[in-house]
Amino acid sequence: MRLVSRTRTERLVNLVICLLSTRRFLTAAQIAATVPGYEHDPEDPRDHEAFQRKFERDKAELRELGVPLETGTASVFDQEPGYRIAHREYALPDIILEPDEAAAVGIAARLWQHAGLAAAASSGLAKLRAAGVEVDPQATLGVEPVVTVDPAFGPLTNAARDRRAVTFSYRVPEVDDAATRRLEPWGVVCWRGRWYVVGHDRDRDATRCFRLSRIVGNVRPVGRPGAFTPPSQVDLISHVSGWDGRTPWTGQASVVAKPGKAAGLRRWAVETLPGPEGDKLTLPYADAERLAATIAGYGPDVRVEGPPEVREAVIQLLKEVMTRHDGVVAA
2 MRLVSRTRTE RLVNLVICLL STRRFLTAAQ IAATVPGYEH DPEDPRDHEA
52 FQRKFERDKA ELRELGVPLE TGTASVFDQE PGYRIAHREY ALPDIILEPD
102 EAAAVGIAAR LWQHAGLAAA ASSGLAKLRA AGVEVDPQAT LGVEPVVTVD
152 PAFGPLTNAA RDRRAVTFSY RVPEVDDAAT RRLEPWGVVC WRGRWYVVGH
202 DRDRDATRCF RLSRIVGNVR PVGRPGAFTP PSQVDLISHV SGWDGRTPWT
252 GQASVVAKPG KAAGLRRWAV ETLPGPEGDK LTLPYADAER LAATIAGYGP
302 DVRVEGPPEV REAVIQLLKE VMTRHDGVVA A
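Following our numbering, the numbering of the sequence shown begins with 2 at its first residue and continues without gaps.
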C-alpha cells in the first residue's frame, strides 16, 4: 500500500463518511461542496481541473483499498453520474472480541475526539442535510467526540510519529515556576489514568517521562522531521512505571459494574460480589484522582459507591468533561 499524506488521509476518511451517510448518489459537485479538502472555484477552469484530478485519484485510492464505490444516478432525469458506497458490501460481519481486545478498541475510540476529523466530518454531514440530502445517522457512529485528553496529546503524538524534537514548559508540584524542556519524544502512553510522554531529554542527555497534564502552554516543534531514531522495541510503560514510583495502595473503593461490562476493572478487583444491579467490585488504590480517571472512562457502565473522595473525584471529572463538550458544541 502506498503512503498518503495526513491531509489526503483526512479527506479520504471524510469522503467515506459522507458517502456512507446517504443512500442516494452524490454528484462530484455535491461532494466538492461537502467534503473538506475539495474546496475550489468551479468557474475557474484550472481550479476545476485540479479538483477533478484530485477526485479521480481519491476514487482510485478508495477502490484500491477495497471500498465498494458505486457509480449511478439518483433518477432517470439526472445527466451527471453520482457516487455512493454500497452498504451491503462494505459492512463487516459480526466480530467477537475477547475482553482485552474490546478494551483496546474502546480506548482507541475514546481517543478520537478533538481531532479535525470529527469536526470536519460533522460539518460535512450538516452540509448534506442543508442541501436536502437524507442522511443516515447510524452510518457513522463514533464521529462525535466522547472523552477529551490533555491538549498536549495531539502535538506530542504527531512529533513522535514524525520523529521531531519538541520544546515545552513543564511545572512540577514542588516548584512554582515552569521550566523549559527539550525532548525527543518516543511515544505517549497512559499509566494509572494519566498520560505521559517518554523520550530523550536533550538538556539532561537521559531518558525522561513527563506527565501531559503538567505541560504549560503549547508544545512547539523544533528542527526538522526525522531528526532522531527512537530505541528499537522500547517499553514505554516500563519507563513510566519506574519513574512514577510505587505508592502503597492503602485505599479500597467499592464500585458496581453492569453485567459483562468493565473488564479492565474486573481484572483489577481484589473481590467481586454479585448483586441485583450488577457486580460489586473492590478496587485497591493509592491516588483517588487517578482511580477516578480510570473509572470515568467506563461511563455509565460503572457506579462508585465509596469512599466519598473517589466518588467526588469521579463526579468532578465528569462535570469537567461535560463543560468542555458543551463549549465545543456551542462554538
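Positions of the beta carbon are idealized from the N, C-alpha and C atoms, including for glycine.
| Check | Outcome |
| --- | --- |
| Contact between the stretch 267–277 and the stretch 209–227 (3+ Cβ pairs under 8 angstroms) | no |
| Minimum C-alpha distance to residue 290 - residue among 172, 155, 161, 318 | 318 |
| Proximity below 8 angstroms, CB of residue 241 to CB of residue 199 | yes |
| Contacting residues, own chain, Cβ-Cβ under 8 angstroms from residue 42 (five flanking each side not counted) | 48, 49 |
| Own chain residues within Cβ distance below 7 angstroms of residue 228, not counting five before or after | 164, 165, 166 |
| Pick from 212, 87, 74, 64 that is closest to residue 157, judged by C-alpha positions | 212 |
| Given residue 253 as reference, the closest of 17, 38, 153, 310 once Cα atoms are compared | 310 |
| Coarse secondary structure for residue 241, derived from DSSP in three states | helix |
| Inter-residue CB distance, residue 282 and residue 264 (contact presumed, cutoff 8 angstroms) | Actually they do not touch by this definition, with Cβ atoms about 11 angstroms apart. |
| Three-state secondary structure (DSSP) of residue 322 | helix |
| C-alpha distance - residue 302 paired with residue 323, whole-angstrom precision | 17 angstroms |
| DSSP state of residue 229 mapped onto helix, strand, coil | coil |
| Cut-off 6 angstroms between Cβ atoms - residues of its own chain near residue 183, not counting five sequence neighbours on either side | 168, 203, 204 |
| Spatial distance of residue 69 from residue 17 (CA atoms) | 10 angstroms |
| Backbone CA spacing between residue 230 and residue 299 [nearest angstrom] | 36 angstroms |
| Given residue 284 as reference, the closest of 189, 209, 46, 256 once Cα atoms are compared | 256 |
| Reference residue 278, options 159, 206, 286, 306, closest by Cα | 306 |
| In chain order, each alpha helix (DSSP H) run of at least 4 residues that lies wholly inside the stretch 25–80 | 29–35, 46–65 |
| Of the residues 215, 294, 28, 207, the one placed nearest residue 187, counting alpha carbons only | 207 |
| Reduced DSSP category for residue 235 - H, G, I as helix; E, B as strand; rest coil | coil |
| Collapsed DSSP secondary structure at residue 22 in the structure displayed | coil |
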